[in-house]
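Residue numbers (the numbering used here): 1405 to 1787.
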(Lines of atoms letter the chains of each structure in order from A and count residues from 1; the text may use other names and numbers.)
(Lines give C-alpha, C1' and ligand atoms only; values in the text may rest on other atoms or scores of the structure.)
Protein backbone atom coordinates (compact mmCIF):
# COMPACT_ATOMS: atom_id res chain seq x y z
CA UNK A 1 0.00 0.00 0.00
CA UNK A 2 2.73 2.47 0.93
CA UNK A 3 4.71 1.90 -2.26
CA UNK A 4 1.64 2.27 -4.47
CA UNK A 5 0.71 5.45 -2.61
CA UNK A 6 4.17 6.91 -3.21
CA UNK A 7 3.96 5.91 -6.88
CA UNK A 8 0.58 7.60 -7.29
CA UNK A 9 1.77 10.74 -5.55
CA UNK A 10 4.78 10.97 -7.86
CA UNK A 11 2.57 10.34 -10.89
CA UNK A 12 0.25 13.14 -9.80
CA UNK A 13 3.29 15.45 -9.78
CA UNK A 14 3.83 14.62 -13.44
CA UNK A 15 6.86 12.36 -12.95
CA UNK A 16 7.42 9.24 -15.02
CA UNK A 17 6.84 6.30 -12.67
CA UNK A 18 7.61 2.59 -12.90
CA UNK A 19 5.94 0.40 -10.26
CA UNK A 20 7.37 -3.09 -9.74
CA UNK A 21 5.18 -5.64 -7.93
CA UNK A 22 6.13 -9.19 -7.02
CA UNK A 23 2.56 -10.46 -7.38
CA UNK A 24 -0.27 -9.73 -9.77
CA UNK A 25 -2.83 -7.80 -7.69
CA UNK A 26 -6.36 -9.12 -7.33
CA UNK A 27 -8.46 -6.38 -8.93
CA UNK A 28 -11.86 -7.79 -7.95
CA UNK A 29 -13.95 -6.70 -4.98
CA UNK A 30 -16.40 -9.12 -3.41
CA UNK A 31 -18.83 -7.48 -0.99
CA UNK A 32 -19.52 -10.80 0.68
CA UNK A 33 -15.87 -11.51 1.49
CA UNK A 34 -14.01 -9.59 4.19
CA UNK A 35 -10.22 -9.65 4.17
CA UNK A 36 -8.71 -10.49 7.57
CA UNK A 37 -5.95 -7.87 7.25
CA UNK A 38 -7.23 -4.38 8.00
CA UNK A 39 -5.77 -1.01 8.96
CA UNK A 40 -7.04 1.70 11.27
CA UNK A 41 -6.45 4.72 9.06
CA UNK A 42 -5.96 8.07 10.78
CA UNK A 43 -7.21 11.46 9.62
CA UNK A 44 -3.73 12.26 8.27
CA UNK A 45 -3.81 9.09 6.15
CA UNK A 46 -7.35 9.88 5.02
CA UNK A 47 -6.29 13.38 3.94
CA UNK A 48 -3.45 11.94 1.87
CA UNK A 49 -5.74 9.44 0.15
CA UNK A 50 -8.32 12.16 -0.51
CA UNK A 51 -5.62 14.33 -2.09
CA UNK A 52 -4.50 11.43 -4.28
CA UNK A 53 -8.09 10.88 -5.44
CA UNK A 54 -8.60 7.34 -4.11
CA UNK A 55 -10.66 7.91 -0.96
CA UNK A 56 -13.95 8.20 -2.84
CA UNK A 57 -13.21 4.90 -4.60
CA UNK A 58 -12.53 3.27 -1.23
CA UNK A 59 -15.81 4.63 0.17
CA UNK A 60 -17.58 3.10 -2.82
CA UNK A 61 -16.27 -0.31 -1.73
CA UNK A 62 -16.21 -0.55 2.06
CA UNK A 63 -14.78 1.56 4.87
CA UNK A 64 -16.05 1.87 8.43
CA UNK A 65 -15.66 5.04 10.50
CA UNK A 66 -15.28 4.60 14.23
CA UNK A 67 -16.31 7.38 16.57
CA UNK A 68 -15.23 5.89 19.90
CA UNK A 69 -12.54 3.72 21.42
CA UNK A 70 -12.79 1.83 24.70
CA UNK A 71 -9.59 0.52 26.31
CA UNK A 72 -9.52 -1.41 29.58
CA UNK A 73 -7.11 -3.50 31.63
CA UNK A 74 -7.95 -7.11 32.48
CA UNK A 75 -6.03 -6.97 35.77
CA UNK A 76 -7.90 -4.07 37.36
CA UNK A 77 -10.49 -1.35 36.97
CA UNK A 78 -8.45 1.02 34.82
CA UNK A 79 -10.09 2.12 31.59
CA UNK A 80 -10.19 4.98 29.13
CA UNK A 81 -12.80 6.11 26.62
CA UNK A 82 -11.94 8.21 23.57
CA UNK A 83 -14.78 10.02 21.82
CA UNK A 84 -14.44 11.92 18.53
CA UNK A 85 -17.00 14.44 19.75
CA UNK A 86 -14.57 15.54 22.49
CA UNK A 87 -12.27 16.98 19.82
CA UNK A 88 -15.08 18.12 17.51
CA UNK A 89 -14.25 15.53 14.84
CA UNK A 90 -16.75 13.29 13.01
CA UNK A 91 -14.65 10.17 13.69
CA UNK A 92 -11.40 8.96 15.22
CA UNK A 93 -10.48 7.16 12.02
CA UNK A 94 -11.63 4.43 9.64
CA UNK A 95 -11.17 0.67 9.65
CA UNK A 96 -10.36 -0.36 6.09
CA UNK A 97 -9.48 -3.73 4.64
CA UNK A 98 -6.00 -3.57 3.12
CA UNK A 99 -7.36 -5.07 -0.09
CA UNK A 100 -9.77 -2.15 -0.48
CA UNK A 101 -6.95 0.40 -0.23
CA UNK A 102 -4.72 -1.61 -2.56
CA UNK A 103 -7.47 -2.02 -5.14
CA UNK A 104 -8.35 1.68 -5.18
CA UNK A 105 -4.68 2.64 -5.56
CA UNK A 106 -4.08 0.10 -8.31
CA UNK A 107 -7.08 1.21 -10.36
CA UNK A 108 -6.01 4.84 -10.10
CA UNK A 109 -2.45 3.97 -11.13
CA UNK A 110 -3.74 2.08 -14.17
CA UNK A 111 -5.48 5.26 -15.35
CA UNK A 112 -2.22 7.26 -15.55
CA UNK A 113 -0.38 7.51 -18.87
CA UNK A 114 2.87 8.28 -17.04
CA UNK A 115 2.84 5.07 -14.95
CA UNK A 116 4.28 1.76 -16.14
CA UNK A 117 3.25 -1.30 -14.13
CA UNK A 118 5.63 -4.27 -14.11
CA UNK A 119 4.21 -7.38 -12.45
CA UNK A 120 4.77 -10.03 -11.49
CA UNK A 121 8.51 -9.44 -11.23
CA UNK A 122 11.19 -9.17 -8.55
CA UNK A 123 14.26 -7.03 -7.95
CA UNK A 124 17.46 -9.10 -7.99
CA UNK A 125 20.07 -6.34 -8.06
CA UNK A 126 20.53 -2.59 -7.60
CA UNK A 127 23.29 -0.07 -8.27
CA UNK A 128 23.91 3.67 -8.48
CA UNK A 129 25.75 5.01 -11.50
CA UNK A 130 26.55 8.42 -12.94
CA UNK A 131 23.30 8.50 -14.90
CA UNK A 132 21.03 7.40 -12.04
CA UNK A 133 19.84 4.34 -10.15
CA UNK A 134 19.60 0.95 -11.83
CA UNK A 135 17.35 -1.95 -10.87
CA UNK A 136 17.86 -5.44 -12.29
CA UNK A 137 14.71 -7.57 -12.42
CA UNK A 138 14.30 -11.33 -12.28
CA UNK A 139 12.77 -11.26 -15.76
CA UNK A 140 15.98 -9.80 -17.18
CA UNK A 141 14.66 -6.27 -17.52
CA UNK A 142 16.86 -3.38 -16.39
CA UNK A 143 15.08 -0.30 -15.06
CA UNK A 144 16.75 3.12 -14.73
CA UNK A 145 15.56 6.13 -12.75
CA UNK A 146 16.52 9.17 -10.72
CA UNK A 147 15.08 7.71 -7.51
CA UNK A 148 14.09 4.23 -6.34
CA UNK A 149 11.47 4.20 -3.57
CA UNK A 150 12.00 0.97 -1.60
CA UNK A 151 8.71 -0.27 -0.13
CA UNK A 152 9.04 -4.05 -0.12
CA UNK A 153 8.15 -4.63 3.53
CA UNK A 154 9.90 -5.44 6.78
CA UNK A 155 11.85 -8.30 5.17
CA UNK A 156 13.00 -5.93 2.42
CA UNK A 157 15.33 -7.64 -0.03
CA UNK A 158 16.30 -4.32 -1.63
CA UNK A 159 17.30 -2.89 1.76
CA UNK A 160 19.66 -5.84 2.15
CA UNK A 161 21.05 -5.32 -1.36
CA UNK A 162 21.85 -1.73 -0.40
CA UNK A 163 23.74 -2.95 2.66
CA UNK A 164 21.48 -1.08 5.08
CA UNK A 165 21.51 -2.68 8.52
CA UNK A 166 18.59 -2.81 10.92
CA UNK A 167 18.19 -2.92 14.69
CA UNK A 168 15.34 -4.48 16.63
CA UNK A 169 14.06 -7.72 18.08
CA UNK A 170 11.35 -10.32 17.89
CA UNK A 171 8.65 -10.00 20.53
CA UNK A 172 7.51 -13.03 22.48
CA UNK A 173 4.13 -12.55 20.82
CA UNK A 174 2.24 -13.59 17.72
CA UNK A 175 -0.77 -11.73 16.33
CA UNK A 176 -3.84 -13.79 15.53
CA UNK A 177 -6.18 -12.10 13.05
CA UNK A 178 -9.68 -13.11 11.97
CA UNK A 179 -13.08 -11.77 10.99
CA UNK A 180 -15.87 -12.40 13.49
CA UNK A 181 -19.59 -11.92 13.96
CA UNK A 182 -20.91 -10.84 17.36
CA UNK A 183 -24.26 -11.02 19.10
CA UNK A 184 -24.44 -7.24 19.54
CA UNK A 185 -23.58 -4.44 17.14
CA UNK A 186 -20.15 -2.81 17.48
CA UNK A 187 -21.58 0.72 17.92
CA UNK A 188 -18.92 2.16 15.57
CA UNK A 189 -16.46 1.63 18.40
CA UNK A 190 -13.00 0.07 18.58
CA UNK A 191 -12.58 -2.10 21.67
CA UNK A 192 -9.22 -3.08 23.16
CA UNK A 193 -8.58 -5.15 26.28
CA UNK A 194 -5.07 -5.48 27.69
CA UNK A 195 -4.37 -8.93 29.09
CA UNK A 196 -1.33 -10.58 30.64
CA UNK A 197 -0.07 -12.06 27.35
CA UNK A 198 -1.02 -9.13 25.14
CA UNK A 199 -3.88 -6.95 23.88
CA UNK A 200 -7.06 -8.08 22.14
CA UNK A 201 -8.65 -5.59 19.73
CA UNK A 202 -12.11 -5.66 18.14
CA UNK A 203 -12.14 -3.34 15.10
CA UNK A 204 -15.57 -2.47 13.65
CA UNK A 205 -16.41 -3.39 10.06
CA UNK A 206 -19.20 -2.04 7.88
CA UNK A 207 -20.81 -5.41 7.19
CA UNK A 208 -23.58 -7.66 8.48
CA UNK A 209 -25.68 -4.99 10.22
CA UNK A 210 -22.62 -3.69 12.10
CA UNK A 211 -22.11 -7.03 13.83
CA UNK A 212 -18.82 -7.83 12.07
CA UNK A 213 -15.40 -7.02 13.50
CA UNK A 214 -11.83 -7.68 12.57
CA UNK A 215 -9.79 -8.91 15.52
CA UNK A 216 -6.11 -8.66 16.35
CA UNK A 217 -5.23 -10.86 19.32
CA UNK A 218 -1.60 -10.46 20.38
CA UNK A 219 -0.55 -13.32 22.61
CA UNK A 220 2.23 -15.82 23.28
CA UNK A 221 3.31 -18.06 20.38
CA UNK A 222 2.12 -21.08 22.38
CA UNK A 223 -1.36 -19.70 23.00
CA UNK A 224 -1.64 -18.51 19.40
CA UNK A 225 -0.91 -22.04 18.21
CA UNK A 226 -3.52 -23.45 20.60
CA UNK A 227 -6.13 -20.92 19.47
CA UNK A 228 -5.48 -21.67 15.81
CA UNK A 229 -6.02 -25.38 16.49
CA UNK A 230 -9.44 -24.89 18.11
CA UNK A 231 -12.64 -25.80 16.32
CA UNK A 232 -14.78 -22.80 15.39
CA UNK A 233 -17.23 -23.09 18.30
CA UNK A 234 -14.46 -23.50 20.86
CA UNK A 235 -12.59 -20.52 19.42
CA UNK A 236 -15.75 -18.38 19.57
CA UNK A 237 -16.18 -19.32 23.23
CA UNK A 238 -12.54 -18.50 24.02
CA UNK A 239 -12.86 -15.15 22.27
CA UNK A 240 -16.12 -14.33 24.06
CA UNK A 241 -14.42 -15.00 27.39
CA UNK A 242 -11.27 -13.05 26.51
CA UNK A 243 -13.33 -10.02 25.48
CA UNK A 244 -15.53 -10.25 28.57
CA UNK A 245 -18.47 -10.54 26.14
CA UNK A 246 -18.24 -6.81 25.50
CA UNK A 247 -20.29 -7.33 22.32
CA UNK A 248 -22.16 -10.36 23.60
CA UNK A 249 -21.29 -13.80 22.31
CA UNK A 250 -18.97 -14.28 19.35
CA UNK A 251 -21.14 -16.32 17.00
CA UNK A 252 -18.93 -16.85 13.96
CA UNK A 253 -15.28 -16.68 12.96
CA UNK A 254 -13.69 -16.76 9.51
CA UNK A 255 -10.26 -16.62 7.94
CA UNK A 256 -8.00 -17.05 10.97
CA UNK A 257 -4.33 -16.28 10.45
CA UNK A 258 -1.27 -15.72 12.62
CA UNK A 259 2.09 -13.97 12.26
CA UNK A 260 5.03 -13.13 14.56
CA UNK A 261 5.48 -9.62 15.94
CA UNK A 262 8.72 -7.70 15.90
CA UNK A 263 10.28 -4.28 16.11
CA UNK A 264 12.68 -3.39 13.33
CA UNK A 265 14.28 -0.09 12.37
CA UNK A 266 16.68 0.69 9.55
CA UNK A 267 19.87 2.45 10.64
CA UNK A 268 19.53 4.76 7.65
CA UNK A 269 16.60 5.38 5.33
CA UNK A 270 18.64 6.60 2.39
CA UNK A 271 21.38 5.85 -0.08
CA UNK A 272 22.07 8.13 -3.02
CA UNK A 273 19.23 7.44 -5.45
CA UNK A 274 17.34 5.17 -3.02
CA UNK A 275 14.93 5.81 -0.14
CA UNK A 276 13.20 3.40 2.27
CA UNK A 277 9.58 3.98 3.27
CA UNK A 278 6.98 2.08 5.29
CA UNK A 279 7.86 -1.29 6.79
CA UNK A 280 11.10 -1.41 4.82
CA UNK A 281 12.28 1.41 7.09
CA UNK A 282 10.40 0.61 10.31
CA UNK A 283 8.22 -2.19 11.66
CA UNK A 284 6.17 -1.57 14.80
CA UNK A 285 4.01 -3.46 17.29
CA UNK A 286 0.36 -3.29 16.09
CA UNK A 287 -1.22 -2.48 19.47
CA UNK A 288 -2.03 1.13 18.48
CA UNK A 289 -2.62 0.45 14.79
CA UNK A 290 0.04 2.95 13.70
CA UNK A 291 2.06 0.81 11.25
CA UNK A 292 0.62 1.78 7.87
CA UNK A 293 -0.10 5.31 9.11
CA UNK A 294 3.63 5.83 9.74
CA UNK A 295 4.22 4.64 6.19
CA UNK A 296 1.71 7.13 4.81
CA UNK A 297 3.40 9.91 6.82
CA UNK A 298 6.66 8.83 5.14
CA UNK A 299 4.95 9.29 1.77
CA UNK A 300 3.65 12.75 2.68
CA UNK A 301 7.16 13.88 3.66
CA UNK A 302 8.76 12.26 0.61
CA UNK A 303 6.31 13.84 -1.84
CA UNK A 304 7.04 17.24 -0.32
CA UNK A 305 10.82 16.99 -0.72
CA UNK A 306 10.41 15.61 -4.26
CA UNK A 307 8.12 18.50 -5.19
CA UNK A 308 10.57 21.03 -3.76
CA UNK A 309 13.49 19.42 -5.59
CA UNK A 310 11.75 19.36 -8.97
CA UNK A 311 10.63 22.97 -8.47
CA UNK A 312 14.25 23.96 -7.88
CA UNK A 313 15.51 21.67 -10.67
CA UNK A 314 17.54 19.57 -8.25
CA UNK A 315 18.12 15.81 -8.44
CA UNK A 316 15.25 14.08 -6.63
CA UNK A 317 17.60 11.20 -5.81
CA UNK A 318 20.42 13.40 -4.53
CA UNK A 319 21.52 13.20 -0.91
CA UNK A 320 20.68 16.86 -0.35
CA UNK A 321 17.05 16.06 -1.17
CA UNK A 322 16.84 12.78 0.71
CA UNK A 323 18.58 13.92 3.90
CA UNK A 324 15.75 16.36 4.60
CA UNK A 325 13.26 13.50 4.32
CA UNK A 326 15.31 11.28 6.61
CA UNK A 327 15.77 13.96 9.27
CA UNK A 328 12.04 14.59 9.48
CA UNK A 329 10.79 11.04 9.38
CA UNK A 330 13.47 9.25 11.37
CA UNK A 331 12.99 11.42 14.44
CA UNK A 332 9.22 10.99 14.34
CA UNK A 333 9.38 7.25 13.72
CA UNK A 334 11.91 6.64 16.50
CA UNK A 335 9.58 8.42 18.94
CA UNK A 336 6.61 6.28 17.88
CA UNK A 337 8.59 3.01 17.89
CA UNK A 338 9.90 3.73 21.38
CA UNK A 339 6.44 4.66 22.65
CA UNK A 340 4.80 1.52 21.24
CA UNK A 341 7.58 -0.69 22.59
CA UNK A 342 7.15 0.90 26.00
CA UNK A 343 3.38 0.40 25.92
CA UNK A 344 3.85 -3.22 24.90
CA UNK A 345 6.18 -3.89 27.83
CA UNK A 346 4.01 -1.99 30.31
CA UNK A 347 0.73 -3.65 29.33
CA UNK A 348 2.16 -7.17 28.94
CA UNK A 349 3.60 -7.26 32.44
CA UNK A 350 1.83 -8.78 35.45
CA UNK A 351 4.15 -7.32 38.11
CA UNK A 352 1.78 -5.95 40.76
CA UNK A 353 3.37 -2.50 40.96
CA UNK A 354 3.21 -2.03 37.19
CA UNK A 355 -0.35 -3.33 37.08
CA UNK A 356 -1.44 -0.77 39.66
CA UNK A 357 0.47 1.99 37.86
CA UNK A 358 -1.09 1.34 34.44
CA UNK A 359 -4.60 1.04 35.90
CA UNK A 360 -4.15 4.33 37.71
CA UNK A 361 -2.65 5.90 34.59
CA UNK A 362 -5.59 4.91 32.39
CA UNK A 363 -8.09 6.32 34.87
CA UNK A 364 -6.12 9.54 35.40
CA UNK A 365 -5.79 10.26 31.67
CA UNK A 366 -9.48 9.45 31.19
CA UNK A 367 -10.33 12.25 33.62
CA UNK A 368 -7.86 14.82 32.26
CA UNK A 369 -9.70 16.26 29.26
CA UNK A 370 -6.90 18.37 27.69
CA UNK A 371 -4.30 15.59 28.01
CA UNK A 372 -6.67 13.00 26.59
CA UNK A 373 -7.55 15.31 23.69
CA UNK A 374 -3.83 15.78 22.96
CA UNK A 375 -3.28 12.01 22.82
CA UNK A 376 -6.23 11.59 20.46
CA UNK A 377 -5.16 14.37 18.10
CA UNK A 378 -1.57 13.11 18.05
CA UNK A 379 -2.69 9.55 17.25
CA UNK A 380 -4.90 10.89 14.46
CA UNK A 381 -1.95 12.73 12.93
CA UNK A 382 -3.55 16.12 13.58
CA UNK A 383 -0.78 17.45 15.86
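Where is the CB? At the ideal position from N, CA and C, for every residue including glycine.
As the structure is a computational prediction, the values presented were derived from the model and not from experiment.
*May I ask which residues mark the beginning and end of the beta strand (DSSP E) holding residue 1718?*
Locating residue 1718 in the chain shown gives position 314, where the first residue counts as 1. Taken as a continuous stretch (DSSP letters only), residue 1718 belongs to no beta strand (DSSP E), as it is neither H nor E.
*Outcome for residue 1435 when other beta-carbon atoms lying within 10 angstroms are tallied against a minimum of 16*: As a first step, residue 1435 must be located in the chain shown, where it is residue number 31. The C-beta of residue 1435 has fewer than 16 other C-beta atoms within 10 Å across all chains shown, which makes the residue exposed.
*C-alpha gap between residue 1695 and residue 1716, whole angstroms*: Your numbering for residue 1695 matches position 291 in the chain shown. Your numbering for residue 1716 matches position 312 in the chain shown. Approximately 32 Å between the Cα atoms of the pair.
*Name, in chain order, the residues that DSSP records as bridge partners for residue 1549.*
Working through the chain shown from its first residue, we reach residue 1549 at position 145. Partner(s): 1537.
*For residue 1379, the residue or residues it bridges with in DSSP*: What is shown of the chain runs 1405 to 1787, which leaves residue 1379 out entirely.
*Nearest-angstrom Cα separation, counted from residue 1605 out to residue 1476*: What you label residue 1476 is simply residue 72 of the chain shown in a count that begins at 1. What you label residue 1605 is simply residue 201 of the chain shown in a count that begins at 1. Taking the Cα positions, residue 1476 is about 11 Å away from residue 1605.
*Which residues share a DSSP beta bridge with residue 1597?*
Sequence index remark: in the chain shown, residue 1597 carries index 193 (1-based). According to DSSP, residue 1597 bridges with 1476 and 1604.
*Touch check for the region 1497-1505 and the region 1435-1451: three-plus C-beta pairs under 8 Å?*
When C-beta atoms of the region 1497-1505 are compared with those of the region 1435-1451, three or more pairs fall below 8 Å, so the two segments count as touching.
_What ranges does the alpha helix (DSSP H) occupy inside the region 1605-1635, keeping only unbroken runs of at least 4 residues that lie completely in it?_
Within the region 1605-1635, the complete alpha helix (DSSP H) runs of at least 4 residues are 1625-1633.
*Among 1674, 1662 and 1531, which one has its Cα closest to the Cα of residue 1630?*
For the purposes of this step, residue 1630 is identified with residue 226 of the chain shown, where counting begins at 1. Taking only the C-alpha atoms, the option nearest residue 1630 is 1662.
_residue 1463 versus 1505, 1597, 1426 and 1407, residue with shortest Cα-Cα distance_ = Within the chain shown, numbered from 1, the residue matching residue 1463 stands at position 59. Of the listed residues, the one whose Cα sits closest to residue 1463 is 1505.
*Just how far apart, CA to CA, sit residue 1572 and residue 1558?*
Position 168 of the chain shown, counted from the start, is the residue given in the question as residue 1572. Position 154 of the chain shown, counted from the start, is the residue given in the question as residue 1558. Roughly 11 Å between the two C-alpha positions.
*Quick one: using the 10 Å Cβ neighbour count with 16 as the cut-off for buried, is residue 1503 buried or exposed?*
Within the chain shown, the letter at position 99 stands for residue 1503. With 16 or more Cβ atoms within 10 Å of its Cβ, residue 1503 is classed as buried.
*Helix, strand or coil for residue 1686 per DSSP?*
Taking the chain shown and counting its residues from 1, one reaches residue 1686 at position 282. Correct three-state label for residue 1686: strand.
*Specify the secondary structure class of residue 1455 as computed by DSSP and reduced to three states.*
In the chain shown, the residue the question calls residue 1455 occupies position 51. Assignment of residue 1455 by DSSP, reduced to helix, strand and coil, places it in the helix class.
*In angstroms, rounded to a whole number, what distance separates the CA positions of residue 1518 and residue 1687?*
The residue given as residue 1518 occupies position 114 in the chain shown. The residue given as residue 1687 occupies position 283 in the chain shown. The straight-line gap from Cα to Cα measures roughly 31 Å.
*What is the residue span of the beta strand (DSSP E) that residue 1501 lies within?*
Counting from one through the chain shown, the residue named residue 1501 turns up at place 97. Residues 1497-1501.
_Of the listed residues 1581, 1603 and 1609, nearest to residue 1590 (C-alpha basis)_ = Within the chain shown, numbered from 1, the residue matching residue 1590 stands at position 186. The residue with the shortest Cα to Cα distance from residue 1590 is 1609.
*With distances taken Cα to Cα, identify the nearest neighbour of residue 1439 among 1456, 1634, 1460 and 1507.*
To locate residue 1439, count along the chain shown from 1; it is residue 35. If we check each option's Cα against that of residue 1439, 1507 comes out closest.
*If you compare alpha carbons, which of 1708, 1512 and 1523 is closest to residue 1461?*
To locate residue 1461, count along the chain shown from 1; it is residue 57. Closest option to residue 1461, Cα to Cα, is 1512.
*So, do the region 1521-1538 and the region 1425-1435 have three or more beta carbon pairs nearer to each other than 8 Å?*
Touching, yes.
*Counting Cβ pairs closer than 8 Å, one from the region 1631-1647 and one from the region 1670-1686, do we hit at least three?*
No, because fewer than three Cβ pairs between the region 1631-1647 and the region 1670-1686 fall closer than 8 Å, the two stretches do not touch.
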